[in-house]
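Heads up: the structure comes next, in structure tokens.
2 protein chains.
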Amino acid sequence: MYMSKMFVPTLRESPNDAEIASHKLMIRAGLVRNLVSGVYNYLPLGIRVLEKIKTIIREELDKKSAQEILCSALQPKELWEESGRWSDYGQEMIRLKDRNDREFCLGPTHEEIFTNIVKKEITSYRQLPINLYQIQSKYRDERRPRFGLLRTREFIMKDAYSFDKDELGLDKSYKDMYDAYSKVFDRCELDWKAVLADTGAVGGTGSHQFMAISEVGESDILYCMECNYAADREKADFMLDKTSAGEQQNPYEKIYTPNNTTIEEISNLLGEPYYKFAKSLVFKVKDKIILALIRGDREVNIIKLCNAIGTIEEYVQMATEEDIRRIGSEPGYIGPVGLKNVEILVDRELEYLKNFYTGGNEKDYHLKNVNYGRDFTGKIVELANASAGDKCPKCGKPMKMEKGIEVGQVFKLGTKYSKPMECNYLDENGASKPMVMGCYGIGVTRTLSAIIEQHHDENGIVWPISVAPYHVIIVPVNVKDETQFNKAKEIYEMLKQNGIEVILDDRDERAGVKFKDADLIGIPMRITVGKKIGEEIVEFKRRKEGSIEEIYIDSVLMHVKKCVSQ
Amino acid sequence: MYMSKMFVPTLRESPNDAEIASHKLMIRAGLVRNLVSGVYNYLPLGIRVLEKIKTIIREELDKKSAQEILCSALQPKELWEESGRWSDYGQEMIRLKDRNDREFCLGPTHEEIFTNIVKKEITSYRQLPINLYQIQSKYRDERRPRFGLLRTREFIMKDAYSFDKDELGLDKSYKDMYDAYSKVFDRCELDWKAVLADTGAVGGTGSHQFMAISEVGESDILYCMECNYAADREKADFMLDKTSAGEQQNPYEKIYTPNNTTIEEISNLLGEPYYKFAKSLVFKVKDKIILALIRGDREVNIIKLCNAIGTIEEYVQMATEEDIRRIGSEPGYIGPVGLKNVEILVDRELEYLKNFYTGGNEKDYHLKNVNYGRDFTGKIVELANASAGDKCPKCGKPMKMEKGIEVGQVFKLGTKYSKPMECNYLDENGASKPMVMGCYGIGVTRTLSAIIEQHHDENGIVWPISVAPYHVIIVPVNVKDETQFNKAKEIYEMLKQNGIEVILDDRDERAGVKFKDADLIGIPMRITVGKKIGEEIVEFKRRKEGSIEEIYIDSVLMHVKKCVSQ
Numbered sequence: 038m039y040m041s042k043m044f045v046p047t048l049r050e051s052p053n054d055a056e057i058a059s060h061k062l063m064i065r066a067g068l069v070r071n072l073v074s075g076v077y078n079y080l081p082l083g084i085r086v087l088e089k090i091k092t093i094i095r096e097e098l099d100k101k102s103a104q105e106i107l108c109s110a111l112q113p114k115e116l117w118e119e120s121g122r123w124s125d126y127g128q129e130m131i132r133l134k135d136r137n138d139r140e141f142c143l144g145p146t147h148e149e150i151f152t153n154i155v156k157k158e159i160t161s162y163r164q165l166p167i168n169l170y171q172i173q174s175k176y177r178d179e180r181r182p183r184f185g186l187l188r189t190r191e192f193i194m195k196d197a198y199s200f201d202k203d204e205l206g207l208d209k210s211y212k213d214m215y216d217a218y219s220k221v222f223d224r225c226e227l228d229w230k231a232v233l234a235d236t237g238a239v240g241g242t243g244s245h246q247f248m249a250i251s252e253v254g255e256s257d258i259l260y261c262m263e264c265n266y267a268a269d270r271e272k273a274d275f276m277l278d279k280t281s282a283g284e285q286q287n288p289y290e291k292i293y294t295p296n297n298t299t300i301e302e303i304s305n306l307l308g309e310p311y312y313k314f315a316k317s318l319v320f321k322v323k324d325k326i327i328l329a330l331i332r333g334d335r336e337v338n339i340i341k342l343c344n345a346i347g348t349i350e351e352y353v354q355m356a357t358e359e360d361i362r363r364i365g366s367e368p369g370y371i372g373p374v375g376l377k378n379v380e381i382l383v384d385r386e387l388e389y390l391k392n393f394y395t396g397g398n399e400k401d402y403h404l405k406n407v408n409y410g411r412d413f414t415g416k417i418v419e420l421a422n423a424s425a426g427d428k429c430p431k432c433g434k435p436m437k438m439e440k441g442i443e444v445g446q447v448f449k450l451g452t453k454y455s456k457p458m459e460c461n462y463l464d465e466n467g468a469s470k471p472m473v474m475g476c477y478g479i480g481v482t483r484t485l486s487a488i489i490e491q492h493h494d495e496n497g498i499v500w501p502i503s504v505a506p507y508h509v510i511i512v513p514v515n516v517k518d519e520t521q522f523n524k525a526k527e528i529y530e531m532l533k534q535n536g537i538e539v540i541l542d543d544r545d546e547r548a549g550v551k552f553k554d555a556d557l558i559g560i561p562m563r564i565t566v567g568k569k570i571g572e573e574i575v576e577f578k579r580r581k582e583g584s585i586e587e588i589y590i591d592s593v594l595m596h597v598k599k600c601v602s603q
Numbered sequence: 038m039y040m041s042k043m044f045v046p047t048l049r050e051s052p053n054d055a056e057i058a059s060h061k062l063m064i065r066a067g068l069v070r071n072l073v074s075g076v077y078n079y080l081p082l083g084i085r086v087l088e089k090i091k092t093i094i095r096e097e098l099d100k101k102s103a104q105e106i107l108c109s110a111l112q113p114k115e116l117w118e119e120s121g122r123w124s125d126y127g128q129e130m131i132r133l134k135d136r137n138d139r140e141f142c143l144g145p146t147h148e149e150i151f152t153n154i155v156k157k158e159i160t161s162y163r164q165l166p167i168n169l170y171q172i173q174s175k176y177r178d179e180r181r182p183r184f185g186l187l188r189t190r191e192f193i194m195k196d197a198y199s200f201d202k203d204e205l206g207l208d209k210s211y212k213d214m215y216d217a218y219s220k221v222f223d224r225c226e227l228d229w230k231a232v233l234a235d236t237g238a239v240g241g242t243g244s245h246q247f248m249a250i251s252e253v254g255e256s257d258i259l260y261c262m263e264c265n266y267a268a269d270r271e272k273a274d275f276m277l278d279k280t281s282a283g284e285q286q287n288p289y290e291k292i293y294t295p296n297n298t299t300i301e302e303i304s305n306l307l308g309e310p311y312y313k314f315a316k317s318l319v320f321k322v323k324d325k326i327i328l329a330l331i332r333g334d335r336e337v338n339i340i341k342l343c344n345a346i347g348t349i350e351e352y353v354q355m356a357t358e359e360d361i362r363r364i365g366s367e368p369g370y371i372g373p374v375g376l377k378n379v380e381i382l383v384d385r386e387l388e389y390l391k392n393f394y395t396g397g398n399e400k401d402y403h404l405k406n407v408n409y410g411r412d413f414t415g416k417i418v419e420l421a422n423a424s425a426g427d428k429c430p431k432c433g434k435p436m437k438m439e440k441g442i443e444v445g446q447v448f449k450l451g452t453k454y455s456k457p458m459e460c461n462y463l464d465e466n467g468a469s470k471p472m473v474m475g476c477y478g479i480g481v482t483r484t485l486s487a488i489i490e491q492h493h494d495e496n497g498i499v500w501p502i503s504v505a506p507y508h509v510i511i512v513p514v515n516v517k518d519e520t521q522f523n524k525a526k527e528i529y530e531m532l533k534q535n536g537i538e539v540i541l542d543d544r545d546e547r548a549g550v551k552f553k554d555a556d557l558i559g560i561p562m563r564i565t566v567g568k569k570i571g572e573e574i575v576e577f578k579r580r581k582e583g584s585i586e587e588i589y590i591d592s593v594l595m596h597v598k599k600c601v602s603q
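If you read the protein sequences in the order shown, they are chains C and W. Remember, our numbering sits 37 above the position in the first sequence when you count from 1. Remember, our numbering sits 37 above the position in the second sequence when you count from 1.
Next comes the structure, spelled out in structure tokens:
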């Protein structure tokens, strides 16, 4: 297309609220525009990249015999009541009523709808397995939309759902999708890792997240260089420290610790390391008070806490000072010994820690030589976050930590939806059984962001050829020079006829302005038609390498094709 | 793809609520499934047809330099307040609040959003004209969803918006879109007519609808075979009957007409034709009472009535008997003479009708020899529907009437949105002017329905090749016969490699069942591999013509290609 006709509103400056590179560059390169918080409009260049990502996804999924369908965004309340999620899903779900006061939501996800469709149409084992997917807008009323397309309220997602006879079938479907996703993210030229993940609100028996490695990612990934173990921090396990497990239990003592309430203060006061303390955190979950006890040097993982008590993050609040006094304790001096009317969750590591310190539930006092089982009891659960340096749960080597953008996730749902929604089939013996399901998501708009995060430099986006909005941009240095302009048009037509996606920058602007725009919008190849056109020579620049070479016009197609086929 | 793996749930019976062929066949052929009233899910065959229609639309629009973007379905109230439509749009608009109680709607259309985008990015005459479009789900909470995909609450629409410097530019953009639409509907093999249309709630200065001719269409089209005048009945004009215009006005009389209240009764009683009467209809529009007076043989066109008083259909109700008494009249005997507290709208034809009958506003009495101007006054407006046989407003020949499905509409919006929303540009002299807009819609899911309405027979759908979900279906008569099945697979692979979209019906079913399904889902070509395979002979059936011929395997590709290229 001719640049003068294209709707590509490039900007010199980034918007004030843009904190990360992809957000800044998507605005500056005219890919998207913000409408209201967390809601975007996609402009022509943005659409072209999205369509390329979608095509890659479709090709890889179709290879695995997945079939595309398209479901409505409007979903009736009744289906979500069947699955039990209407009340579970909190404020993130956008709800509405129609003119007859019937309740609907705007689909944040589609397990209920797909299960409902398959339940009605598939009755026999002979029709299984089946894998259906769609690419569609999803709606989640995020508390704090941010980071451009990384956290929005309306976004494009590819979601797939597999239906199998049994777990063995699910394993195969799951692996198929895992492999397809690996290909998709490879083809998008992302540096990614698949990591063990928590199943969260979706539920099920197992999950992996596909993480695009990036400093701006909101997820922490723990991984082992030695054995390839990798997990999202929400899920990551680690080898417990059992160093003190064999020690003798000493009699416990009350110690006077006036005005020393934080782990840092008390550790300084007593000259003992953080890991000799058990830290108490008090939460309120729907009017119930919960004390979570973990080693002083660790952090509570809120997802693990939720899993331990069967709730979701939205319902978990920190307790108030009043709450703490009501359970017979004292803010700053909380501990598990002697407390009443409270559920105590004990991180599993404390079972092996001997003679630790805790708060004394009394102003200015702590306890020394506290031991689980002898001095207090509680439910042993997994609460602590893994951290860089913790030992790999598989091989014991220290793990590393990196940040990632979650671009995809695959889940083994099992019968979580098929059982309550009665999505059954008749097996070979005529017995009715629930189908065994998997579900698989790719954040299409997130993938777009992640690609830019990994493929940009100080001058703009550097599109991988596989998803570039156009392959080539032709820049005549001076459009008023007829020879230059005519030759540029000739090359443009020649490339177009050879199936190359090409822009001709026919604007009457200084060459510098046009070069800057070409770099900003990240077109992989630039052909500059300038003064040497009389000698049939043009400049060939590759955006990624930054290399510029002079080539003869009759070799342009060869150079371009070589780059496209890479 | 292999039929055994495909999710194509065909049905022998139509659902009970399906009244029209496209609805029945879309369900029976497994293209769509209903979720709740007016909300559908599209299954794999449906998606494939939709994608083909979308591709045709994109190709034709791109040729006119329109550029694809994608806007959010979530639209903030504020933009609709700028245009003044937030309060105008009635219950059809689906409204919702986010977690911060901010109000949104689900876009029923996108004039506001596109105007807002362009207003922010385009500032100079040098950047005009521009034409942007999207293909996206729209939401309208229809009072009575019905007819399958013809009237739904969530549907796929292509909407385009053009921005020009002036009316001349708009004329060009409008013509471009008109031409593109003509190509689109031709390529979809629709029998269609472009007709003059009312601009309705969208507003503007001119409009055409693209109507697919069909018995089940909800629109009436008036057209002239002589001069090609064609218009939607809501808009259609006709030459007024001025036969009695020159008659002398007789003195008016009160006549006794006990128990004769309808036009039919009074016409019988007096032995006078319907057209000698003026019929009074009383409406209530937001507490205001309106009397509409038209000739006895005509019907009030509610759109023309709305246009005459500047309101929308949703606010127009029939008055109650009580309302009628309150304005000093009597149900069954209403007339314009002597009424108070009522706005009288007089159809323009009555200006030329002399000595007509009306109700006497008194039980059991009518008036004779009533004349407009002498006996009563009122606002002369256009109220009457045109009907078959009325004279063409251009050439005076009698018009015909047909029914059509509205598949597209183009509007000259002028400055209806750009003025209130301040979507301005600087002209050559630096003066700020509002852009002159057009908007252009195609109902993608409606087009799908219309194609089926026009292309089906008693056995199922008969897809035009341009939008068929697959080109060819290969049916081995007996899949257990290895020779048949292997040859079928060979042909399948050969066609696939040649870019033909092909299904292999590998199901272990009777041939009759497979033939029935092939007909039902409407694949344009069927290749049957049966007993003559030993002689290298297969059966080649064309769905549309119903013709079956025996051909040699080595001529299959030629036959198929010939049909695809037609």
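Here a beta-carbon is modelled for each residue, glycine too, at the ideal position from N, C-alpha and C. Predicted model, so just to flag it, every value in this text is computed and none were measured.
Please determine, among the options, the residue with the shortest C-alpha to C-alpha distance to residue i.
i: W:Ile364; options: W:Thr348, W:Phe577, W:Lys321 and W:Ala468; result: W:Lys321
i: C:Val155; options: C:Thr189, C:Arg180, C:Gln171 and C:Tyr198; result: C:Tyr198
i: W:Gly67; options: W:Glu50, W:Ser161, W:Glu519 and W:Tyr211; result: W:Glu50
i: W:Thr294; options: W:Leu169, W:Leu307, W:Met40 and W:Lys101; result: W:Leu307
i: C:Leu390; options: C:Asp334, C:Glu359 and C:Leu48; result: C:Asp334
Taking the C-alpha atoms as reference points, what is the distance between residue i and residue j?
i: C:Cys142; j: C:Glu115; result: 10 angstroms
i: C:Tyr215; j: C:Glu97; result: 11 angstroms
i: W:Gly369; j: C:Glu191; result: 56 angstroms
i: W:Gly62; j: W:Thr482; result: The question names Gly, but residue 62 of chain W is Leu in the sequence shown. About 14 angstroms.
i: W:Glu287; j: W:Trp123; result: In the sequence as displayed, the identity of residue 287 of chain W is Asn instead of Glu. For W:Asn287 and W:Trp123, the distance between alpha carbons rounds to 51 angstroms.
i: W:Glu336; j: W:Ala421; result: 6 angstroms
Have a look at the DSSP bridge pairing and note the partners of residue i.
i: C:Arg183; result: C:Arg188
i: W:Ser469; result: W:Leu463
i: C:Lys22; result: This structure cannot settle anything about residue 22 of chain C, because the visible part of chain C is limited to 38 through 603.
i: W:Ser317; result: W:Leu330
i: C:Ile371; result: Beta-bridge pairing links C:Ile371 to no other residue.
Run through chain W and tell me which residues come within less than 7 angstroms of residue i, C-beta to C-beta.
i: C:Leu80; result: Ile106
i: C:Tyr477; result: Under the 7 angstroms cutoff, chain W gives no residues; its nearest Cβ is about 16 angstroms from C:Tyr477.
What does residue i reach in chain W if we use C-beta pairs closer than 9 angstroms?
i: C:Asp543; result: Ordered by position in chain W, no residue passes the 9 angstroms Cβ test against C:Asp543, which lies about 13 angstroms from the chain.
Give me the chain W residues within the contact set of residue i, using Cβ-Cβ distance strictly less than 8 angstroms, ordered along the chain.
i: C:Asp135; result: Ile131, Asp178 and Arg190
i: C:Arg70; result: Ile154, Lys157 and Glu158
i: C:Phe200; result: Per Cβ cutoff of 8 angstroms: no residues; C:Phe200 is ~10 angstroms from chain W at best.
List the residues of chain C whose Cβ lies closer than 7 angstroms to the Cβ of residue i, in chain order.
i: W:Val76; result: Ser109 and Leu111
Report yes or no: do the region 409 to 422 of chain C and the region 384 to 401 of chain C share at least 3 C-beta pairs separated by less than 8 angstroms?
yes
Meets three-Cβ-pair contact criterion under 8 angstroms: the region 571 to 582 of chain W and the region 74 to 82 of chain W
no
For the structure I just gave you, are there three or more beta carbon pairs, one from the region 540 to 558 of chain W and one from the region 484 to 497 of chain W, closer than 8 angstroms?
Using a Cβ-Cβ distance cut-off of 8 angstroms, the region 540 to 558 of chain W and the region 484 to 497 of chain W are in contact, since at least three pairs of beta carbons, one from each stretch, lie closer than that value.
Any contact of the region 590 to 603 of chain C with the region 559 to 573 of chain C, i.e. 3+ C-beta pairs under 8 angstroms?
With a cut-off of 8 angstroms, the region 559 to 573 of chain C and the region 590 to 603 of chain C count as touching, because enough Cβ pairs lie within range.
Any 3 or more C-beta pairs closer than 8 angstroms across the region 205 to 214 of chain C and the region 405 to 412 of chain C
As far as the Cβ criterion goes, the region 205 to 214 of chain C does not touch the region 405 to 412 of chain C, which means the pair count is below three.
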